[in-house]
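Colleague:
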Amino acid sequence: MDGELRRVDDLFPLDAPYERVSVLLPLPLDGAYDYKADPAWGLERGAVVEVPLGRRRLIGVVLGPGGDDVAEDKLRGVIRAFDVPPLPGTVLDLVDWVAGWTLAARGSVLRMAISSPGALEPPPATQVLTAVPEAAWPPNVRMTPARRRALAALADGPALEPRDLAREAGIGPAVIKSMLEAGLLERHDLAPPPPFAAPDPDRAGHDLTGEQAAAAEALRQAVADRAFAVTALDGVTGSGKTEVYFEAIAAALAAGRQALVLLPEIALSAQWLERFEARFGTAPAVWHSDLKPGVRRRTWRAVAEGTARVLVGARSALFLPFAELGLIVVDEEHEPAYKQEDGVAYQARDMAVVRAHLESVPVVLVSATPSLETLENVRSGRYRALHLHARPGSAVLPTVELIDMRRDRPERGRFLAPGLVRAMRQTLDEGEQALLFLNRRGYAPLTLCRACGHRLECPNCTAWLVEHRLLGRLQCHHCGYSGRMPKACPSCEAEDSFVASGPGVERLAEEVLSRFPDARFQIASSDTILGPDQAAEFVRAVNAREIDVIVGTQIVAKGHHFPWLTLVGVVDADLGLAGGDLRAGERTYQMLHQVAGRAGRAERPGRVLLQTHVPENPVMAALAAGDRERFLEYETEQRRAAGMPPFGRLAGLVVSAPDAERADLAARAIARAAPRIDGVAVLGPAPAPLALLRGRHRRRLLVKARKDVNLQRVLRDWLSPIKLENAVRLTIDVDPYSFL
Ligand code: ADP
Ligand code: ZN
Numbered sequence: 002m003d004g005e006l007r008r009v010d011d012l013f014p015l016d017a018p019y020e021r022v023s024v025l026l027p028l029p030l031d032g033a034y035d036y037k038a039d040p041a042w043g044l045e046r047g048a049v050v051e052v053p054l055g056r057r058r059l060i061g062v063v064l065g066p067g068g069d070d071v072a073e074d075k076l077r078g079v080i081r082a083f084d085v086p087p088l089p090g091t092v093l094d095l096v097d098w099v100a101g102w103t104l105a106a107r108g109s110v111l112r113m114a115i116s117s118p119g120a121l122e123p124p125p126a127t128q129v130l131t132a133v134p135e136a137a138w139p140p141n142v143r144m145t146p147a148r149r150r151a152l153a154a155l156a157d158g159p160a161l162e163p164r165d166l167a168r169e170a171g172i173g174p175a176v177i178k179s180m181l182e183a184g185l186l187e188r189h190d191l192a193p194p195p196p197f198a199a200p201d202p203d204r205a206g207h208d209l210t211g212e213q214a215a216a217a218e219a220l221r222q223a224v225a226d227r228a229f230a231v232t233a234l235d236g237v238t239g240s241g242k243t244e245v246y247f248e249a250i251a252a253a254l255a256a257g258r259q260a261l262v263l264l265p266e267i268a269l270s271a272q273w274l275e276r277f278e279a280r281f282g283t284a285p286a287v288w289h290s291d292l293k294p295g296v297r298r299r300t301w302r303a304v305a306e307g308t309a310r311v312l313v314g315a316r317s318a319l320f321l322p323f324a325e326l327g328l329i330v331v332d333e334e335h336e337p338a339y340k341q342e343d344g345v346a347y348q349a350r351d352m353a354v355v356r357a358h359l360e361s362v363p364v365v366l367v368s369a370t371p372s373l374e375t376l377e378n379v380r381s382g383r384y385r386a387l388h389l390h391a392r393p394g395s396a397v398l399p400t401v402e403l404i405d406m407r408r409d410r411p412e413r414g415r416f417l418a419p420g421l422v423r424a425m426r427q428t429l430d431e432g433e434q435a436l437l438f439l440n441r442r443g444y445a446p447l448t449l450c451r452a453c454g455h456r457l458e459c460p461n462c463t464a465w466l467v468e469h470r471l472l473g474r475l476q477c478h479h480c481g482y483s484g485r486m487p488k489a490c491p492s493c494e495a496e497d498s499f500v501a502s503g504p505g506v507e508r509l510a511e512e513v514l515s516r517f518p519d520a521r522f523q524i525a526s527s528d529t530i531l532g533p534d535q536a537a538e539f540v541r542a543v544n545a546r547e548i549d550v551i552v553g554t555q556i557v558a559k560g561h562h563f564p565w566l567t568l569v570g571v572v573d574a575d576l577g578l579a580g581g582d583l584r585a586g587e588r589t590y591q592m593l594h595q596v597a598g599r600a601g602r603a604e605r606p607g608r609v610l611l612q613t614h615v616p617e618n619p620v621m622a623a624l625a626a627g628d629r630e631r632f633l634e635y636e637t638e639q640r641r642a643a644g645m646p647p648f649g650r651l652a653g654l655v656v657s658a659p660d661a662e663r664a665d666l667a668a669r670a671i672a673r674a675a676p677r678i679d680g681v682a683v684l685g686p687a688p689a690p691l692a693l694l695r696g697r698h699r700r701r702l703l704v705k706a707r708k709d710v711n712l713q714r715v716l717r718d719w720l721s722p723i724k725l726e727n728a729v730r731l732t733i734d735v736d737p738y739s740f741l
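Below, the structure written as structure tokens:
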């Protein structure tokens, strides 16, 4: 295709020859629509087009030739085809795969693949001006001082944009216009510079240790094989997993292929980007939901055209139209953030494996605490594993100790046990840094009335309001509701009777301030660190030792490397264990292990103290003993015995409606229609733990199936015939991670 947009009238000329094409639209629909198009356009599968639908114009993707079931006079015409490479077949196949797996509509999945519609327009051309040589001037040109200055400015320099010429020559736009008309200046279109420099695979990385070198060689080989293979890169925190997979990226680059790296919280990974730049001499392309539209456009196009060689992104990067993908890396593969909960409920790690399969390329799943799913795939031989056992150089793994909160109790209204306070004092005296980890934003998770015990709850959700004292607000972390602290209790009308119950990071910081008035502290949570710039500044301040105590939520749990951080105190190690979540134990183990991994990553040894009320719990015992295998064995046995993933299959169904009655009616109707099939059990309906969310009443059903059951087919056969009232919504979550 050339650079011109082809336009035809919405009403395709009836007598013109045409071909029928089938176009999938980014709407919550499975089916595609037929349109007619000019055969001369040669619309292939994957071509991106604009089409009319009703009175709207939509962007869609050609799936192939259309059928003949729509009458000719009903058929509407494709409005235009965009001048972008067609979406690769692998992306269209991925859309089908994800839709088939998650039971989402194909159009909803497609929407993720064409999430940057602006990228479809050609980038705006920049115009520059040059001087016409004197020999080529028309006769009798009039020369003025202003014109002379313009010619002088262009005489011994590069071509200039009109704006720059005007500034350098001190002239106005009218002069430039008249010179163009007089034939003294010439206009040229300047191709925009390629937005991403090519990373250089040949720069030297660190000298790898023996086990690192062996792992790197195995990955390089996988890249060279150009075949689908899944490798779990399983190594303790700080063992150099990143260095090792950088070698795989280098191999992909050297082979002329692109590489995709998925990270769970890309926006906060300034350190990762710096390391990449140090290794490859230039920054990678980046993809996440907060990109500015212009950057997003350029990046999408550069990936499609192959000018972006390495892209690091959050889960949605999985749907980008890589032209010549050679490698996928999923870092921190165990992270729950890879599961998208809203819209299309997909697990990006698993779909990364699918994409790698469709592309016939290797995929590397990286973690110090691999998911049980991945470990089970290693055990059964579907995935291969590479292990890194040691931190390079003198860095050693931190020691982990439990503080039994039943014995070593904090004073009333305080949250740090005497043992942890002593350790902090010692650390600060040595001039080193401490991290207090508490995965709770705000001041206090619960506010209650001292007089009657009334709890302040969100009006829209079954959830307590969280006090954010720094903002002076009460907030709901589920729906975003925000309000002021009421003067009087809404229940008993007592005035000024509210007390905070339990700690959030703000309240903990208050305790740090009162215990260590000279220590410089910083709260690190999604409320205090907004976006990549602030994250980078935070990392800089910690490394410059301008901060002594970090009071942080999960945003500090992973990835960061702070050489002076030697003490990690986990304020409530039991926090994640409650709540009846299938993965509660696993998640707690992973999270605490990651946090512990922040300590002692350089020459100074690290120490980790976990405050717990259940030191005998297998998660705590395994963490204290540094015995991952023991925990995994225990957890694996529990899951196997219960037939839970990865040994069985689950799907969550949530029925929601504006009122409880309709939610109940619909949920019961769905339950009544449930299939009676060997190996499938349907539990519920029951009110969801979040029985009210954003004003909608929610009921849950849980479908549990044996591993050999085709769960998707069972769900489709059961649920597709069911007609629901307009106000009632049913969401299906295959392999749920949230049970709220
Ligand atoms: P992981 O990804 O396993 O947590 P990293 O790759 O982040 O580990 O490595 C931890 C730290 O050790 C980083 O600062 C890294 O630069 C450094 N490092 C890793 N391997 C080596 C090596 N072979 N020589 C020197 N430094 C290394
Ligand atoms: Zn709410």
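This note's numbering applies: residue 2 is where the sequence shown begins, and numbers increase by one. Glycine included, each C-beta is placed from N, C-alpha and C at the ideal position. This one's a predicted model, so the numbers in the text were calculated from it and none came from an experiment.
With a cut-off of 6 Å, give the chain-ordered residues whose Cβ is closer than this to any heavy atom of the ligand ZN.
Modeller: Working through the chain, the matches are 459, 461, 462, 464, 477, 479, 480 and 482.
Colleague: Identify the residues that DSSP records as bridge partners of residue 153: which are they?
Modeller: Residue 153 is not bridged to any residue.
Colleague: Among the residues of its own chain, which have a CB less than 7 Å from the CB of residue 719, if the five just before and after it don't count?
Modeller: Correct list, in chain order: 674, 675 and 676.
Colleague: For the ligand ADP, I want to know if residue 170 counts as a neighbour, meaning its beta carbon is within less than 8 Å of at least one of the ligand's heavy atoms.
Modeller: No, Cβ of residue 170 sits at least 8 Å from all heavy atoms of the ligand ADP.
Colleague: Determine which residues share a DSSP beta bridge with residue 363 and list them.
Modeller: 230, per the DSSP bridge assignment.
Colleague: Taking only the alpha-carbon atoms, compute the straight-line gap between residue 431 and residue 113 and give it to the nearest angstrom.
Modeller: Approximately 51 Å between the Cα atoms of the pair.
Colleague: Taking the Cβ atom as the reference point for each residue, do residue 129 and residue 182 lie within a distance shorter than 9 Å?
Modeller: Not closer than 9 Å, so no.
Colleague: Within the stretch 199-228, note down every full alpha helix (DSSP H) run reaching 4 residues or more, in order along the chain.
Modeller: For the stretch 199-228, whole alpha helix (DSSP H) runs of length 4 or above, ordered along the chain, are 211-226.
Colleague: Indicate the three-state DSSP secondary structure (helix, strand or coil) for residue 640 in the structure shown.
Modeller: Helix, per DSSP.
Colleague: In terms of residue numbering, what span does the beta strand (DSSP E) encompassing residue 299 cover?
Modeller: No beta strand (DSSP E) contains residue 299, which is instead part of the alpha helix (DSSP H) from 294-306.
Colleague: Kindly indicate which three-state DSSP category residue 339 falls into: helix, strand or coil?
Modeller: It is helical.
Colleague: For residue 604, collect the residues of the same chain with a Cβ closer than 6 Å to its Cβ; drop the 5 residues on either side in sequence, then sort them by chain order.
Modeller: Only 395 meet the Cβ criterion.
Colleague: Quickly, what does DSSP pair residue 28 with across the bridge? List them, please.
Modeller: Bridge partners of residue 28: none, in fact.
Colleague: Quick check for students: name the residue ranges of the beta strand (DSSP E) that lie wholly in the stretch 88-119, counting only runs of 3 or more.
Modeller: Within the stretch 88-119, no complete beta strand (DSSP E) run reaches 3 residues.
Colleague: Hey, would you say the C-beta of residue 562 is under 8 Å away from at least one heavy atom of the ligand ADP?
Modeller: Checking the Cβ of residue 562 against the ligand ADP gives yes.
Colleague: Please name the residue, chosen from 239, 293, 120 and 367, that lies closest to residue 233 on a Cα-to-Cα basis.
Modeller: For the residues 239, 293, 120 and 367, the minimum Cα distance to residue 233 belongs to 367.
Colleague: Counting pairs of beta carbons, one from the stretch 525-545 and one from the stretch 509-517, are three or more of them closer than 8 Å?
Modeller: Taking 8 Å as the limit for Cβ pairs, the verdict is that the stretch 509-517 does not touch the stretch 525-545.
Colleague: I'd like to confirm something about residue 153: is its beta-carbon nearer than 8 Å to some heavy atom of the ligand MN, or not?
Modeller: As for the ligand MN, it is missing from this structure, which binds only the ligand ADP and the ligand ZN.
Colleague: Please state whether the Cβ-Cβ distance between residue 87 and residue 132 is less than 9 Å.
Modeller: No.
Colleague: Indicate, with yes or no, if the ligand ADP has a heavy atom lying under 8 Å from the CB of residue 238.
Modeller: The answer is yes for residue 238.
Colleague: Please determine, among 576, 186 and 678, the residue with the shortest C-alpha to C-alpha distance to residue 160.
Modeller: Nearest option by C-alpha distance: 186.
Colleague: Would you check if the stretch 51-65 and the stretch 73-83 touch, i.e. whether three or more CB-CB distances between them fall below 8 Å?
Modeller: They touch, by the three-pair rule.
Colleague: Return helix, strand or coil for residue 737, following the three-state DSSP convention.
Modeller: Here residue 737 sits in coil by DSSP.
Colleague: Measuring only the C-alpha atoms, how far is residue 545 from residue 170?
Modeller: Roughly 46 Å between the two C-alpha positions.
Colleague: Answer yes or no: do residue 331 and residue 362 have a C-beta to C-beta separation smaller than 9 Å?
Modeller: No, they are not a contact pair.
Colleague: Quick one: using the 10 Å Cβ neighbour count with 16 as the cut-off for buried, is residue 144 buried or exposed?
Modeller: Under this definition residue 144 is an exposed residue.
Colleague: Any heavy atom of the ligand ADP closer than 8 Å to the CB of residue 18?
Modeller: Checking every heavy atom of the ligand ADP against the Cβ of residue 18, none is found closer than 8 Å.
Colleague: When we look at the beta-carbon of residue 290 and count the other beta-carbons within 10 Å, is it buried (16 or more) or exposed?
Modeller: So residue 290 ends up on the exposed side.
Colleague: Let's test the definition: count the other Cβ atoms within 10 Å of the Cβ of residue 477 and tell me whether it reaches 16, buried, or not, exposed.
Modeller: With 16 or more Cβ atoms within 10 Å of its Cβ, residue 477 is classed as buried.
Colleague: Report yes or no: do three or more beta-carbon pairs, one from the stretch 245-252 and one from the stretch 321-331, lie closer than 8 Å?
Modeller: Yes, the stretch 245-252 touches the stretch 321-331.
Colleague: Quick check on the DSSP output: what are the complete alpha helix (DSSP H) runs of length 4 or more inside the stretch 452-479, in order along the chain?
Modeller: Entirely contained in the stretch 452-479, not one alpha helix (DSSP H) run reaches 4 residues.
Colleague: Buried or exposed: which applies to residue 8, given that a residue is buried once 16 or more other Cβ atoms fall within 10 Å of its Cβ?
Modeller: Because residue 8 sits at a pLDDT of 41, beneath the cut-off of 50, its placement in the model cannot be relied upon, and the following sentence gives the value as read from the coordinates. Exposed.
Colleague: Mind pulling the alpha helix (DSSP H) runs of 4 or more residues that sit fully within the stretch 347-425?
Modeller: 349-360 and 373-380, all fully within the stretch 347-425.
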